[in-house]
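Visitor: Using my numbering, read the sequence shown as starting at 159 and increasing by one per residue. Please read through the structure below; I'll follow up with questions.
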Amino acid sequence: MSNVKSHIESVKDEIQRRDPDQSEFQEAVFTVLDSLAPVLEAHPEYIKANLLSRLVEPERAIQFRVPWQDDEGQFHVNRGFRVQFNSAIGPYKGGLRLHPTVNLSVVKFLGFEQILKNSLTGLPIGGAKGGSDFDPKGKSDSEVMRFCQSFMTELQRHIGPDLDVPAGDIGVGGREIGYLFGAYKRLRGYQNGVLTGKGLTFGGSLARTEATGYGLLYYTNALVKAQGDTLTGKRIKISGSGNVATYAVQKATELGAKVITVSDSNGYIYDPKGIDYKVVQQIKEVERGRIKEYADRVASAEYHGGSVWDFDVDYDIALPCATQNEINKDQAKLIVKDGVKYICEGANMPSYPDAIAVYQDSNILYGPAKAANAGGVAVSALEMSQNSERLSWSFETVDNRLQDIMEDIFEKSEAADKKYQLDKNYQAGANIAGFEKVATAMMAQGLI
Ligand code: NDP
Ligand code: 2IT
159 MSNVKSHIES VKDEIQRRDP DQSEFQEAVF TVLDSLAPVL EAHPEYIKAN LLSRLVEPER
219 AIQFRVPWQD DEGQFHVNRG FRVQFNSAIG PYKGGLRLHP TVNLSVVKFL GFEQILKNSL
279 TGLPIGGAKG GSDFDPKGKS DSEVMRFCQS FMTELQRHIG PDLDVPAGDI GVGGREIGYL
339 FGAYKRLRGY QNGVLTGKGL TFGGSLARTE ATGYGLLYYT NALVKAQGDT LTGKRIKISG
399 SGNVATYAVQ KATELGAKVI TVSDSNGYIY DPKGIDYKVV QQIKEVERGR IKEYADRVAS
459 AEYHGGSVWD FDVDYDIALP CATQNEINKD QAKLIVKDGV KYICEGANMP SYPDAIAVYQ
519 DSNILYGPAK AANAGGVAVS ALEMSQNSER LSWSFETVDN RLQDIMEDIF EKSEAADKKY
579 QLDKNYQAGA NIAGFEKVAT AMMAQGLI
């Protein structure tokens, strides 16, 4: 085995030894480490400085108790997390997730991905993630508010506008950010830049709500265009029906494609005439209902139980926008069989490694999450800029900057792919381009 390969294996062994149960974290890190081999060949000083071992260890991982009371007066305890992974290029930045599956492994995988994603945006933000195993489904507004207040009672001592700036993720949208912001303000005073994804009446940025979904389509468009192809007339399968999926449907439709599915954890909608994002928005964002209801409102739509990735239909582009590990190897084989040419990830780590191997063995071009879904955090960073200068930019200004950032991310990934002769491996290209900036910053700052 080469020196580089054995070094990478030793870093993996150490993670395996220290955190044998953190399967999601291992999955995210091992995929990145494997693609960094050519960079280490070119930079032996990174091996000497043991840079990878430092990169995979969070600067700080905080776990705390979140006690709260439901509307019937019952007492509950959830577990809260904030993993401040890497501050080499800026303050910690990344979302908060509220979902029963949240644990330290999940928060660490998301925090690790966030380091390289935030680097790719070109903006000065480090990587972090947090959340809780609290399940907001079926809870009243008052219960969600009390949970958020309790969560912030602890989190407030660890965050700040120049220190660590949380935002939304699964289960955390405008309502939750509002409650979290109100709770922070009562404890620490008004500090506009402590959270992003805020409401437009108290320092939020126009286009933050739409940013991840729009950004996914701007990235996909750049990838498709680079092959001399176009989005016009393409049939797209989207999974999920939350924040990312909804605005991905809107932008895909605007760009001339037809989205034929959306889904949730129970089932999926198939509408051969094209999904109407306004109906999804009304059901999910306004009424907080289930996607099944779409079929009651739109005559051309059908609802089916099960995973949208088991649904066999011909289409051109897959955009997973629900959650991690939603596509396994067999489902990836179906994606290939159904004639898909491009897959770009709106969700974080939606494809298992052996599913990615299936894409790479086929002719599918693959845009990985940390590149394709960076639009949300990019606009979060633009919200921080607006808060610092106490101004609000127009929707058009933010949207134009988002488009430039997503095109730049594709170009950076493509340039790294070409530099290391990876043959259109945009996954490795994104990992390398994201890593190079963080590595340069870490080396320059001494032993951190
Ligand atoms: P939302 O909470 O708004 O929506 C989540 C969607 O995914 C829902 O449709 C939900 O269905 C579905 N989902 C969640 N868990 C599962 C599961 N275990 N199995 C099947 N479906 C599931 O979250 P977002 O849209 O914000 O996030 C979606 C993905 O995008 C996540 O991976 C997130 O990390 C990523 N992301 C989000 C960003 C943002 O700005 N919000 C930025 C970058 C990435 P159900 O209601 O049934 O649970
Ligand atoms: O995964 C992600 O990039 C997000 N959930 C957005 C994080 C942010 O700080 O806006």
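Each residue gets a CB set at the ideal place from its N, CA and C atoms; glycine is no exception.
Which ranges would you report for the beta strand (DSSP E) in the segment 317–351 if only whole runs of at least 3 residues count?
Guide: Fully enclosed beta strand (DSSP E) runs of 3 or longer: 322–325.
Visitor: Could you tell me which residues DSSP pairs with phenylalanine 239 in its beta bridges?
Guide: Paired residue(s): Gln221, Gly289.
Visitor: State buried or exposed for methionine 542, treating a residue as buried only when at least 16 other CB atoms are found within 10 Å of its CB.
Guide: Its Cβ being crowded by 16 or more others within 10 Å, methionine 542 is buried.
Visitor: Does any heavy atom of ligand 1 sit closer than 6 Å to the C-beta of isoleucine 220?
Guide: Isoleucine 220: no, Cβ never under 6 Å from ligand 1.
Visitor: Enumerate in chain order the residues of its own chain whose CB-to-CB distance from lysine 416 is below 6 Å, with the five nearest sequence positions on each side excluded.
Guide: So the list reads Arg393, Gly432, once near-sequence residues are dropped.
Visitor: Which residues in the same chain have their Cβ closer than 8 Å to the Cβ of proline 511, if we skip the five residues on either side of it in sequence?
Guide: Glu185, Phe188, Thr189.
Visitor: Answer with buried or exposed for leucine 477, where buried requires no fewer than 16 other C-beta atoms within 10 angstroms of its C-beta.
Guide: With 16 or more other Cβ atoms within 10 Å, it is buried.
Visitor: Please return the same chain residues whose Cβ sits closer than 6 Å to the Cβ of valine 264, not counting the five positions on each side in sequence.
Guide: Cβ within range, chain order: Glu182.
Visitor: Do the CB positions of glycine 289 and phenylalanine 222 come within less than 7 Å of each other?
Guide: The answer is no: Cβ separation not under 7 Å.
Visitor: Give me, in chain order, the residues of the same chain whose beta-carbon lies closer than 7 Å to that of glutamate 172; leave out the 5 immediate sequence neighbours on both sides.
Guide: Closer than 7 Å at the Cβ level, and outside the excluded window around glutamate 172, lie Ser211.
Visitor: Given that a residue counts as buried once 16 or more other Cβ atoms are within 10 Å of its Cβ, and exposed if not, what is isoleucine 310?
Guide: Correcting the residue type first, residue 310 is methionine in the shown sequence and not isoleucine. Methionine 310 is buried by the Cβ-count criterion.
Visitor: Would you mind working out which of Gly329, Pro319, Ala597, Arg548 sits nearest aspartate 422, comparing C-alpha positions?
Guide: Nearest of Gly329, Pro319, Ala597, Arg548 to aspartate 422, Cα basis: Gly329.
Visitor: Are alanine 286 and glycine 332 touching if we call contact CB-CB under 7 Å?
Guide: Contact flag unset, no.
Visitor: Asparagine 615 and glutamate 217 look like a contact to me (Cβ under 8 Å); what is the Cβ gap, rounded to whole Å?
Guide: Residue 615 lies beyond the residue range present for the chain, which begins at 159 and ends at 606; the question has no answer from this structure.
Visitor: Cysteine 502 lies in the beta strand (DSSP E); which residues open and close that run?
Guide: Unbroken beta strand (DSSP E) run through cysteine 502: 500–502.
Visitor: When the Cα of lysine 409 is compared with those of His316, Pro430, Tyr372, which residue comes out closest?
Guide: Closest by alpha carbon: Tyr372.
Visitor: Relative to the C-alpha of valine 241, which candidate in His234, Gly231, Arg255, Val235 has its C-alpha closest?
Guide: Measuring from the Cα of valine 241, the nearest candidate turns out to be Arg255.
Visitor: Just the Cα atoms here: how many angstroms apart are valine 498 and alanine 588?
Guide: One C-alpha to the other measures close to 21 Å.
Visitor: Can valine 556 be considered in contact with ligand 2, in the sense that its beta carbon sits closer than 6 Å to one or more heavy atoms?
Guide: Answer for valine 556: no, Cβ out of range of ligand 2.
Visitor: If the criterion is Cβ atoms closer than 7 Å, does the pair isoleucine 418 and alanine 406 meet it?
Guide: Cβ atoms of isoleucine 418 and alanine 406: not closer than 7 Å.
Visitor: Closest by CA to proline 526, which one among Asp322, Ala515, Met507, Gly534?
Guide: Of the listed residues, the one whose Cα sits closest to proline 526 is Met507.
Visitor: Report yes if the CB atom of tyrosine 473 is closer than 7 Å to the CB atom of isoleucine 427, and no otherwise.
Guide: Taking 7 Å as the Cβ cut-off, tyrosine 473 and isoleucine 427 do not qualify as a contacting pair.
Visitor: DSSP three-state label for lysine 395, please.
Guide: The answer is strand: DSSP assigns lysine 395 an E or B state.
Visitor: Tell me the rounded alpha-carbon separation between valine 438 and glycine 398.
Guide: Computed Cα separation, rounded: 10 Å.
Visitor: Just to confirm my understanding: we take cysteine 502, look at its own chain, exclude 5 residues before and 5 after, and list those with CB closer than 7 Å. What are they?
Guide: These residues qualify, in order along the chain: Leu374, Tyr377, Thr378, Leu381, Leu477, Gly525, Ala530.
Visitor: Locate the beta strand (DSSP E) running through lysine 460, then write down its first and last residues.
Guide: It should be pointed out that residue 460 corresponds to glutamate in this sequence rather than to lysine. Residues 460–463.
Visitor: Identify which residue in Asp192, Ala365, Ile335 has its Cα closest to the Cα of lysine 163.
Guide: Comparing Cα-Cα distances from lysine 163 to each of Asp192, Ala365, Ile335, the minimum goes to Asp192.
Visitor: Using the three-state DSSP reduction, which class does glycine 357 fall into: helix, strand or coil?
Guide: In the structure shown, glycine 357 sits in coil (DSSP, three-state: anything other than H, G, I, E or B).
Visitor: Kindly give me the distance between the Cβ atoms of glycine 355 and arginine 346, rounded to whole angstroms, as I take these residues to be in contact under 8 Å.
Guide: That pair is no contact at about 18 Å.
Visitor: Please indicate yes or no: does the CB of alanine 480 lie closer than 6 Å to some heavy atom of ligand 1?
Guide: It does: the Cβ of alanine 480 is within 6 Å (strictly closer) of some heavy atom of ligand 1.
Visitor: Mind checking whether threonine 279 and isoleucine 563 have CB atoms under 7 Å apart?
Guide: The answer is yes: Cβ separation under 7 Å.
Visitor: For alanine 403, which residues of its own chain have a beta-carbon under 6 Å away from its beta-carbon, when the five flanking residues on both sides are left out?
Guide: Once the five neighbours on either side are set aside, the close Cβ partners of alanine 403 are Ile396, Val420, Cys479.
Visitor: Can we count aspartate 327 as close to ligand 1, meaning its CB is less than 6 Å from some heavy atom?
Guide: Yes, ligand 1 has a heavy atom inside 6 Å of this Cβ.
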